[in-house]
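Each residue of the sequence shown is one higher than the one before, counting from 1 in UniProt numbering.
All residues carry an ideal CB built from backbone N, CA and C; glycine is no exception.
All values reported here derive from a predicted model rather than from experimental measurement.
Here the structure comes first, spelled out in structure tokens, and everything after it is commentary.
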Amino acid sequence: MFSLLPFSFLLSCTKNGGDQQENHKKEKSENPNVILLIGDGMGLSQVTSLYYFKEGEPNLSRFENIGLSKTASSSHKITDSGASGSAMATGQKTYNGAIGVNKDTTDIENMVELLSKRGYHTGIIATSTITHATPASFFAHSKDRGMEDFIAAQLHNTEVDFFAGGGLKNFNKRIDGINYLDSLKTKNFSIDTTSLNAELVQKDKIGFLLSDGAMPKKLEGRDEFLPEATELSINFLKQKEGPFFIMSEGSQIDWGGHDNNSDYIITEIIDFDKVIGLALDFAEKDGNTLVIVTADHETGGYTLRSGKNEEGKTDYNIIDPSFSTSGHSATMVPVFAYGPGSEKFRGIYENTEIFHKIKEITAE
Numbered sequence: 001m002f003s004l005l006p007f008s009f010l011l012s013c014t015k016n017g018g019d020q021q022e023n024h025k026k027e028k029s030e031n032p033n034v035i036l037l038i039g040d041g042m043g044l045s046q047v048t049s050l051y052y053f054k055e056g057e058p059n060l061s062r063f064e065n066i067g068l069s070k071t072a073s074s075s076h077k078i079t080d081s082g083a084s085g086s087a088m089a090t091g092q093k094t095y096n097g098a099i100g101v102n103k104d105t106t107d108i109e110n111m112v113e114l115l116s117k118r119g120y121h122t123g124i125i126a127t128s129t130i131t132h133a134t135p136a137s138f139f140a141h142s143k144d145r146g147m148e149d150f151i152a153a154q155l156h157n158t159e160v161d162f163f164a165g166g167g168l169k170n171f172n173k174r175i176d177g178i179n180y181l182d183s184l185k186t187k188n189f190s191i192d193t194t195s196l197n198a199e200l201v202q203k204d205k206i207g208f209l210l211s212d213g214a215m216p217k218k219l220e221g222r223d224e225f226l227p228e229a230t231e232l233s234i235n236f237l238k239q240k241e242g243p244f245f246i247m248s249e250g251s252q253i254d255w256g257g258h259d260n261n262s263d264y265i266i267t268e269i270i271d272f273d274k275v276i277g278l279a280l281d282f283a284e285k286d287g288n289t290l291v292i293v294t295a296d297h298e299t300g301g302y303t304l305r306s307g308k309n310e311e312g313k314t315d316y317n318i319i320d321p322s323f324s325t326s327g328h329s330a331t332m333v334p335v336f337a338y339g340p341g342s343e344k345f346r347g348i349y350e351n352t353e354i355f356h357k358i359k360e361i362t363a364e
């Protein structure tokens, strides 16, 4: 009898170990959460500026899987945010100015629509209006990105569970006189127009519209809206059954490029890097969250050229940020990925592949 004890003990350990491995496999087979962070207008020089102007190591250094995205639209070699946002949100190239429609202005299934069918809860965050080109591309359909009232009128009929940004006037100060805040409330949204109220996390759906137009610049006192809103969305969505998808945009990196204002760019991208850090912190603890960081295009033809010293001579120890345009450029943009399936984001590919790679990973 005693001689059988070690064998019985071994069988027990093997069985328990097998159960643990099986449970681990079940956990890992569940669809991952996806956090897509878009730095609007963020090219390689904007990214590089973090390494010279931010105190401490940028969170972007934590990524090992890195690629490059080609951004041309179907109508132009240089894209706008509508076409590039739609390419990432739908997997199809379209014309400049389009939101979630193809070249023939036919609606295309977007990321929120696709993933909600797969049991995902979704969140959209931006420092622009929530109806601006990039965020709108992930939940709306419009032949013209400028039709923000029309885009706002679609939000209550989408599967979005959380949103935060500016654009209040597109919901309650409209030419048609309709108050779409009331429409959102009929769809179980709790709406706050004054602050990010963490107590609302127990509600069914949440929306924050904290400015009539875009949110203020970081230089003008926006405080910690973007990282706090992103963290609040994670805390809200992770308590729901099933995985989640979040798109959070640092919208105003782009506007600093349009203004040819390097201080504007640098303060916005440092703010965006905080969001990257908290997303990675969550993903590392969770173990089943994919984090992707990319841009829709580069803005400003931003360059970190050498400056002049006091004697008027070129000094390679002085960085003098400069610009070649007040518009967008055709430069490829970086893609950083961490978590399940992140190795798929290595290489050089069209921006439409962002959608297809996420679609593939969330179906595994």
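Simplified DSSP assignment, three categories, for residue i
i           : result
residue 265 : helix
residue 329 : strand
residue 121 : strand
residue 151 : helix
residue 17  : Bear in mind that a pLDDT of 43 at residue 17, under 50, signals an unreliable position, so the model cannot answer this.
residue 356 : helix
residue 209 : strand
residue 192 : strand
residue 139 : coil
residue 51  : helix
residue 98  : coil
residue 339 : coil
residue 363 : coil
residue 75  : coil
residue 251 : coil
residue 30  : coil
residue 345 : helix
residue 271 : helix
residue 298 : strand
residue 171 : helix
residue 129 : strand
Alpha-carbon spacing of residue i relative to residue j, whole angstroms
i           : j           : result
residue 94  : residue 49  : 31 Å
residue 198 : residue 336 : 29 Å
residue 233 : residue 163 : 8 Å
residue 36  : residue 274 : 14 Å
residue 106 : residue 172 : 28 Å
residue 73  : residue 96  : 7 Å
residue 261 : residue 205 : 37 Å
residue 240 : residue 301 : 42 Å
residue 211 : residue 193 : 7 Å
residue 282 : residue 322 : 36 Å
residue 161 : residue 130 : 14 Å
residue 230 : residue 248 : 7 Å
residue 8   : residue 31  : Bear in mind that a pLDDT of 43 at residue 8, under 50, signals an unreliable position, so the number given afterwards is only what the model happens to contain. C-alpha separation (whole angstroms): 37 Å.
residue 123 : residue 139 : 10 Å
residue 99  : residue 82  : 5 Å
residue 168 : residue 209 : 5 Å
residue 345 : residue 147 : 33 Å
residue 56  : residue 270 : 11 Å
residue 222 : residue 101 : 33 Å
residue 349 : residue 62  : 22 Å
residue 254 : residue 77  : 18 Å
residue 347 : residue 175 : 47 Å
residue 52  : residue 152 : 39 Å
Residues that residue i bridges to, as DSSP identifies them
i           : result
residue 70  : 350
residue 305 : 320
residue 35  : 246 and 291
residue 216 : None, per the DSSP bridge assignment.
residue 314 : 308
residue 162 : 123 and 206
residue 334 : 68
residue 107 : 101
Under 9 Å between C-beta atoms of residue i and residue j
i           : j           : result
residue 135 : residue 142 : no
residue 207 : residue 184 : yes
residue 180 : residue 170 : yes
residue 295 : residue 333 : yes
residue 71  : residue 363 : no
residue 125 : residue 60  : no
residue 351 : residue 133 : no
residue 304 : residue 264 : no
residue 327 : residue 258 : yes
residue 267 : residue 256 : yes
residue 314 : residue 306 : yes
residue 272 : residue 111 : no
residue 298 : residue 45  : yes
residue 75  : residue 103 : yes
residue 308 : residue 33  : no
residue 216 : residue 121 : no
residue 69  : residue 360 : no
residue 236 : residue 200 : yes
Contact between the region 278-291 and the region 324-341 (3+ Cβ pairs under 8 Å)
Yes: the two stretches touch, three or more of their Cβ pairs being nearer than 8 Å.
Take every Cβ of the region 30-40, pair it with every Cβ of the region 313-322, and state whether three or more of those distances are shorter than 8 Å.
Contact fails: fewer than three Cβ-Cβ distances are below 8 Å.
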